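Undergrad: For the sequence shown, my numbering begins at 7 and goes up steadily by one. Just passing along the structure, written as structure tokens.
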Amino acid sequence: MKKTIIRSAVALALLGGATQSFAADDRYIIQVDNDKKGVVKALAKKLGGDVNMDGNGFFAATFTGKDLATVKGLLNNPHVKLVEADQRRYAMSVYNDDLGNPALEQLTPYAVYQSQANQVTFNPNAGMKVCVIDSGLDQSNPDFNWGAITGDNDSGTGNWYENGGPHGTHVAGTIGAADNNVGVVGMAPGVDMHIIKVFNAAGWGYSSDLAHAANLCSQAGANIINMSLGGGGSNSTESNAFANFSAAGGLVVAAAGNDGNSVRSYPAGYPSVMMIGANDADNNIADFSQFPSCTSGRGKNVTEDETICVEVTAGGVDTLSTYPAGMAAFASASIDGAGIEVSAMENTGSATADLYFMGTAEATDNGASGKVCLIDRGNISFHDKVANCEASGGVGAIVVNNEAGMLYGTLGDTNTTSIPAVGTALEDRAALMAATSATIAIDAGDYGYMSGTSMATPAVAGLAALVWSNHPECSGQDIRAAFKATAADAGATGKDVYFGYGIVKAADADAYLTANGCGGDSGNGGNTGGDAVSLEVSGYKSRGNAYADLSWSGAATANVDIYRNGAKIATVANNNAYSDSLGKTSGSFGYEVCEANSTVCSATVTVSF
7 MKKTIIRSAV ALALLGGATQ SFAADDRYII QVDNDKKGVV KALAKKLGGD
57 VNMDGNGFFA ATFTGKDLAT VKGLLNNPHV KLVEADQRRY AMSVYNDDLG
107 NPALEQLTPY AVYQSQANQV TFNPNAGMKV CVIDSGLDQS NPDFNWGAIT
157 GDNDSGTGNW YENGGPHGTH VAGTIGAADN NVGVVGMAPG VDMHIIKVFN
207 AAGWGYSSDL AHAANLCSQA GANIINMSLG GGGSNSTESN AFANFSAAGG
257 LVVAAAGNDG NSVRSYPAGY PSVMMIGAND ADNNIADFSQ FPSCTSGRGK
307 NVTEDETICV EVTAGGVDTL STYPAGMAAF ASASIDGAGI EVSAMENTGS
357 ATADLYFMGT AEATDNGASG KVCLIDRGNI SFHDKVANCE ASGGVGAIVV
407 NNEAGMLYGT LGDTNTTSIP AVGTALEDRA ALMAATSATI AIDAGDYGYM
457 SGTSMATPAV AGLAALVWSN HPECSGQDIR AAFKATAADA GATGKDVYFG
507 YGIVKAADAD AYLTANGCGG DSGNGGNTGG DAVSLEVSGY KSRGNAYADL
557 SWSGAATANV DIYRNGAKIA TVANNNAYSD SLGKTSGSFG YEVCEANSTV
607 CSATVTVSF
């Protein structure tokens, strides 16, 4: 059967948050022992506070018009442990174009192949459960194992099984859409999920909501928490909630952010949370994927900490997944009966007619009457081009890109047109110019594409459930380490701020755990080189700071990878020497040197301070 290539574009939305010195919406988190909470809540109300939510060891309250210092002064009570800002948390996604027709057959998203998820079999009997903290999972989509899905509502957000927008449904589909011959297939098909709806109708929630949700995830028996969300500012209540989940053996993953800058977003920036970046189908970093530094501290106290920056990436550009019923748009097209790839710009409907070339369509043209307008991009807006086509009597519009690649666009918030309009690639212009007739259609559907670190994050959550289901004796931190040890290096050689360790590879991680056990062999993918590299390490302190001087021989590559306690900390020239500055610290540190991107390594040499 010949496949028709289908694409759709929906509105671009970059969501983020800036660090604030005062609480968003004058809302604050008050930490207090549970047995004293009633007294403190009563005090807060007496002082004009409006209690918004009640969590384990804390509650959130709004003090309208009052900054943090004022609220701390009002709540100067021996029972109050801490007052801090309750930060907004946003869904992180850049909406982009749809591709494929899952209404007719089951499609496998490219990220499944890229991550090797199709090479590992999910074990449904392992007890894996992913907790999805998002905007809900709409029960209108049939592509889920609904008997294995439970959920909770956060205050004021409505039923978890009704959508608060398509974001949460799309995220859940990437994690666990069923393998059922329809729609799409998730990374861990049919995995048990617990859905917590934290976003309000405007598309955001608070950090206290996330802290409370972490406790609900634990109570539901989840192994993995997925958060395709984030915002500016950190607070200890939120950080502690995820640290506790991780300490109990769980794995928490969160989106790096979509502003394409080096700002650290939270909760991804907490050490207990694995920060996920996004790559495209060609192994390139997504231009929107944030890339915060791995350094912390200032001056002489600056240290490297790989847990506060991007650790790995996964496919997050044009990711096909589930939508609430009818909320996605699908576009298809053919010219002279042959399918052509297009992206939906606006307006559902269909049109079949002769093609008419309108140039850049900067004016009306009676020759377009009753025809599908073929329009070059440039000079005026997409909306005005399509409006001129329609005003000329045109029944549909195809806008051709003026640079290589597919044209993704919309007609804007003030669209006044009604005819179906699609974009297409510059590479297809010659075929379009030679064609005599065209058919275009834009229909509503249950599956669509989104782009963002929001889409990469559930890919990693699903991959974690997939790999972990075959190694249930492991902990979340073992899975985290295995992903980093086996990720495919991309971008600059070695670990970098964009990709972290690289693109997650499920089959390689599975094989690594099979070969090395849950503890791994030091996180470098297996020391199969017979200790071909000889290493000596000298540890010393100077002015209170710890240093480790490494010297080695036997490495044959131009560069070598340096590992500390199982984590790669640097890729350097093979000059047989490296000095690691540890700052003011104490403890034991195990070092290895490996030939770059290889399992040819030294034995582990440990120094103590």
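Quick reminder that beta carbons are idealized off the backbone N, C-alpha and C, glycines included. Every value quoted in this text rests on a predicted model; they were computed, and no experiment measured them.
Using 8 Å as the cut-off, can you tell me whether the stretch 354-367 makes contact with the stretch 443-456, which would need three or more C-beta pairs spanning the two stretches below that distance?
TA: Cβ pair count under 8 Å is three or more, so yes.
Undergrad: With contact counted as at least three CB pairs below 8 Å, one residue from each stretch, are the stretch 464-475 and the stretch 491-506 in contact?
TA: No, the stretch 464-475 does not touch the stretch 491-506.
Undergrad: Taking just the CA atoms, how far does Gly497 sit from Ala465?
TA: Looking at the two C-alpha atoms, the distance is approximately 20 Å.
Undergrad: Does the Cβ of Val45 have 16 or more other Cβ atoms within 10 Å, making it buried, or fewer, making it exposed?
TA: Label assigned to Val45: exposed.
Undergrad: Which value, in whole angstroms, describes the spacing of the CA atoms of Asn221 and Val539?
TA: Their backbone Cα atoms lie some 46 Å apart in a straight line.
Undergrad: What are the start and end residues of each continuous alpha helix (DSSP H) run of 4 or more residues lying completely inside the stretch 108-192, in chain order?
TA: Runs of the alpha helix (DSSP H) inside the stretch 108-192: 116-120, 173-182.
Undergrad: In three-state DSSP terms, what is Val599?
TA: Reduced to three states, the DSSP call for Val599 is strand.
Undergrad: Let me confirm a value: Arg570 is counted as buried when at least 16 other C-beta atoms fall within 10 Å, else exposed. Which label applies?
TA: So Arg570 counts as buried.
Undergrad: Roughly how many whole angstroms lie between the Cα atoms of Val269 and Ala284?
TA: Straight-line Cα distance between these residues: approximately 15 Å.
Undergrad: So for Met461, helix, strand or coil by DSSP?
TA: Three-state DSSP puts Met461 in a helix.
Undergrad: Helix, strand or coil: how does DSSP classify Cys480 here?
TA: DSSP places Cys480 in coil when its eight states are reduced to three.
Undergrad: Would you report the Cα separation of Ala247 and Thr591, rounded to the nearest angstrom?
TA: Roughly 26 Å separates the two Cα atoms.
Undergrad: Which whole-angstrom value is the C-beta distance of Phe595 and Val613, which I expect to be below 8 Å?
TA: Indeed they touch by this definition, with Cβ atoms about 6 Å apart.
Undergrad: If you compare alpha carbons, which of Glu347, Asn83, Tyr546, Asp452 is closest to Leu432?
TA: For Leu432, the nearest C-alpha among the options comes from Glu347.
Undergrad: What is the C-beta distance between Asn169 and Gly196, in whole angstroms, given that I count them as a contact (C-beta under 8 Å)?
TA: Actually they do not touch by this definition, with Cβ atoms about 20 Å apart.
Undergrad: Which complete alpha helix (DSSP H) runs does the stretch 383-471 hold, if anything under 4 residues is left out?
TA: Counting only runs of 4 or more, we get 388-397, 435-440.
Undergrad: What beta strand (DSSP E) runs, 3 residues minimum, are completely inside the stretch 490-574?
TA: Whole beta strand (DSSP E) segments, 3+ residues: 540-548, 551-559, 565-570.
Undergrad: Can you give the beta carbon distance from Arg486 to Met280, rounded, assuming they're within the 8 Å contact cut?
TA: The Cβ separation is near 5 Å, so the contact holds.
Undergrad: For Phe248, which three-state DSSP category applies?
TA: It is helical.
Undergrad: Taking its Cβ as the centre, do 16 or more other Cβ atoms sit within 10 Å of Val308, making it buried, or is it exposed?
TA: With fewer than 16 Cβ atoms within 10 Å of its Cβ, Val308 is classed as exposed.
Undergrad: Indicate the three-state DSSP secondary structure (helix, strand or coil) for Ile202 in the structure shown.
TA: Residue state, collapsed to three classes: strand.
Undergrad: Just to confirm my understanding: we take Thr163, look at its own chain, exclude 5 residues before and 5 after, and list those with CB closer than 7 Å. What are they?
TA: Excluding residues within five positions, the ones whose Cβ falls inside 7 Å are Gly170, Lys203, Val204, Phe205, Asn206.
Undergrad: Within the chosen definition, does the stretch 124-138 reach the stretch 219-236 through at least 3 CB pairs nearer than 8 Å?
TA: Yes: at least three Cβ pairs fall under 8 Å.
Undergrad: Count the CB pairs spanning the stretch 374-382 and the stretch 399-411 that are closer than 8 Å, and state whether there are at least three.
TA: In short, these stretches touch, since the Cβ pair count reaches three.
Undergrad: Could you pull the start and end residues of the alpha helix (DSSP H) that Thr76 belongs to?
TA: 74-80 is the extent of the alpha helix (DSSP H) around Thr76.
Undergrad: Helix, strand or coil for Asp215? Go by DSSP, reduced to three states.
TA: In the structure shown, Asp215 sits in a helix (DSSP, three-state: H, G or I).
Undergrad: Would Ser240 be called buried (16 or more neighbouring beta carbons within 10 Å of its own) or exposed?
TA: When all chains shown are included, Ser240 counts as buried.
Undergrad: Beta carbon of Val392, beta carbon of Lys377: below 8 Å?
TA: No, these two residues do not count as a Cβ contact at 8 Å.
Undergrad: Would Cys395 pass as a contact of Ala369 if the rule is Cβ separation under 8 Å?
TA: No.
Undergrad: For Val190 and Gly429, I'd like the C-alpha separation in whole angstroms.
TA: Approximately 24 Å between the Cα atoms of the pair.
Undergrad: Can you tell me whether DSSP reads Ser340 as helix, strand or coil?
TA: DSSP places Ser340 in strand when its eight states are reduced to three.
Undergrad: Going by DSSP, name the residue or residues bridged to Leu53.
TA: None; Leu53 has no bridge partner.
Undergrad: Per DSSP, which residues does Val38 bridge with? Please list them.
TA: DSSP output for Val38 lists Val86 as bridge partner(s).
Undergrad: Below 6 Å CB to CB, which residues in the same chain sit around Gly332 once its five sequence neighbours on both sides are set aside?
TA: So the qualifying residues of the chain are Ala450.
Undergrad: Let me know if Leu53 comes out buried or exposed under the rule of 16 or more other beta-carbons within 10 Å of its beta-carbon.
TA: Leu53 should be labelled exposed.
Undergrad: DSSP on Cys607, reduced to helix/strand/coil?
TA: Correct three-state label for Cys607: strand.
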